[in-house]
Amino acid sequence: MYTVQLYDQLSESGLDKFSSEYQLGNNWAFPDVVLLRSFDLANQVEFVNGFDRRSWPELKAVGRAGIGTNNIPVDQLTAAGIPVFNTPGANSNAVKELVIAGLFLATRNIYQACEFVQDIEGTDTEINEKVEIGKKQFKGREISGRTLGIIGLGNIGAAVANAAVALGMNVIGYDEYLTVENAWHVSTKVRRATTLYDVLLISDFLSLHVPLNDETRNMINQNALRFLPDGITILNFARKGIIDEIALCEELRDGRIHTYVCDFPSNALKEFGPRRVIALPHLGASTEEANDNCTTMVVNQIREFIEHGNIENSVNFPTVVVPSDTQFRLVIAHKNVPNSLNRIMAMIEHNIEHMVNKSRNEIAYTVIDTDYQITNVEAIRAIPEVLSARNIHFDTIMS
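Position one of the sequence shown corresponds to residue 13 (our numbering), numbered consecutively onward.
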């Protein structure tokens, strides 16, 4: 039996993918699994002063029903040999649709027009007369034929690019780390830029789709903003910290940026009101379908790891998917240092039917299949380089 600590309101249909071997709740003292969405795990008492394995001795995995993991202390969990899973692509359509909606909100003055109509008083005849007089102030712009620059061509960026092409826009994209797999999903009509500034210089609209990390923090800073054409609209449905907000506000005051559409409200942005800044309350992935998709995906990944030791879509562990025709499996997370695997192998008492070892940065993960259960797991855990180790019995799924 495994206990799953739930934070946030996750999809019931997704959680139903757990079998009866899992008990779900929000008040477990020593959970085997933690599942969350926006809950700030990094600020919990177990992590504020450094994670002590003794505080959650049974913890085996942490899963986020979403993409970003800024609310998860990934480095501390990695050091404890605990994989962190996310759900790339599961909310892509939801975010794509909101970005496209943001384009129309910014160009057709929809929000302001709705406010205008709401305030009109009089008979229907009088309302019609006032509408005909007042509608001129909300004349907008069409997006067809204009240039959309996209920074980041992952699952969401690619989906936005393809949708914009379908709407008749010229699209130019930049992604320093574009994978071959993601490249296949980007329309051939999308022009690929070789530098960030190639995109900034020619865009009528700029949409950001990169994760927040040390490299991307304040990527769009004062210097980058100066390369943008006057009258540009910026859309940010990625992460707040990607844009230097102080520099952004200066450009808005100067009138060089026409509109900023984002999913991250702040006090600084309130100065400009909905005519210049359209700030939404983090609605990017807030659809029933995205919640279902993300929860289902992370539950399946957690189960695959707990029950088979396989790892897919982990942000800190290598991808390891190993089919097995044996009854027993030992999975070990250890430091990726010389001779660590030799020390582990010296402790294995039985013949090994199959073994896989993969690494990612400072972490390594080893899967060992045998026909007999390895009984000296505690001794293996005591090896200095070993971060975590557990047995899997494919008949009983015992930890």
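Every residue, glycine too, gets a C-beta built ideally from N, C-alpha and C.
query: Do A297 and C274 have their C-beta atoms within less than 8 angstroms of each other?; result: no
query: With a cut-off of 8 angstroms on the beta carbons, I'd call V389 and A401 a contact; round off their distance for me.; result: 5 angstroms
query: Residues in the same chain with beta-carbon distance under 7 angstroms from F90, minus the five sequence neighbours each way, listed in chain order, please.; result: Sequence check: residue 90 is Thr here, not Phe. Cβ neighbours of T90 beyond the five flanking positions: N328, I375.
query: Between which two residues does the alpha helix (DSSP H) harbouring L89 extend?; result: 86 to 91
query: For a quick check, are the C-beta atoms of C306 and T99 less than 8 angstroms apart?; result: yes
query: With distances taken Cα to Cα, identify the nearest neighbour of K9 among G62, L117, H346.; result: Since the displayed the chain opens at 13 and closes at 411, residue 9 lies outside it and no answer follows.
query: Under 8 angstroms, do N142 and I132 count as touching if we go by C-beta distance?; result: The displayed chain sequence assigns Lys, not Asn, to residue 142. Cβ distance < 8 angstroms, so K142 and I132 count as in contact.
query: Please report the straight-line C-alpha distance between G78 and E138, rounded to a whole angstrom.; result: 49 angstroms
query: Can you give the Cα-Cα distance for F51 and P286, rounded to whole angstroms?; result: 28 angstroms
query: Could you tell me which residues DSSP pairs with N248 in its beta bridges?; result: L220, C274
query: I need the straight-line Cα distance from C126 to R120, nearest angstrom please.; result: 11 angstroms
query: On a CA-only basis, which of L36, V334, H221, I155 is nearest D20? Give me that one, please.; result: L36
query: On the DSSP bridge list, what partners appear for S326?; result: F97
query: Tell me the DSSP secondary structure of Q149 in three-state form.; result: helix
query: Just the Cα atoms here: how many angstroms apart are D44 and F317?; result: 12 angstroms
query: Can you tell me whether D187 is buried or exposed, with buried defined as 16 or more other CB within 10 angstroms of its CB?; result: buried
query: Under three-state DSSP, which class holds K108?; result: helix
query: By how many angstroms is the C-alpha of L27 removed from the C-alpha of L48?; result: 12 angstroms
query: Are I163 and V211 closer than 8 angstroms when you measure CB to CB?; result: yes
query: Measure how close the beta-carbons of M181 and L160 come, nearest whole angstrom, since I'm counting them as under 8 angstroms.; result: 5 angstroms
query: G93: which of R158, T245, T338, P69 sits nearest, CA to CA?; result: P69
query: Tell me whether the beta-carbon of F340 lies closer than 8 angstroms to the beta-carbon of H405.; result: yes
query: From T378, I145, T245, pick the residue whose C-alpha is nearest to that of V332; which is it?; result: T378
query: With DSSP run on the structure shown, which of helix, strand or coil describes V334?; result: coil
query: Examine the Cβ distances between the segment 231 to 242 and the segment 95 to 113 and report whether three or more of them are shorter than 8 angstroms.; result: no
query: Would you call R76 buried or exposed, if buried means 16 or more other Cβ atoms sit within 10 Å of its Cβ?; result: buried
query: May I have the straight-line CA-CA distance separating I254 from F276, to the nearest angstrom?; result: 11 angstroms
query: With 16 other CB atoms within 10 Å as the buried threshold, where does T81 fall?; result: buried
query: Quick one: give me the first and last residue of the beta strand (DSSP E) that F340 is part of.; result: 340 to 347
query: Just list the beta strand (DSSP E) runs in the segment 256 to 321, keeping only unbroken ones of 3 residues or longer that don't cross its boundaries, in chain order.; result: 269 to 274, 289 to 291
query: Whole angstroms is fine: what's the gap from M410's alpha carbon to S25's?; result: Confidence in M410 is poor, its pLDDT being 43 and thus under 50, which makes the residue's placement too unreliable to answer from.
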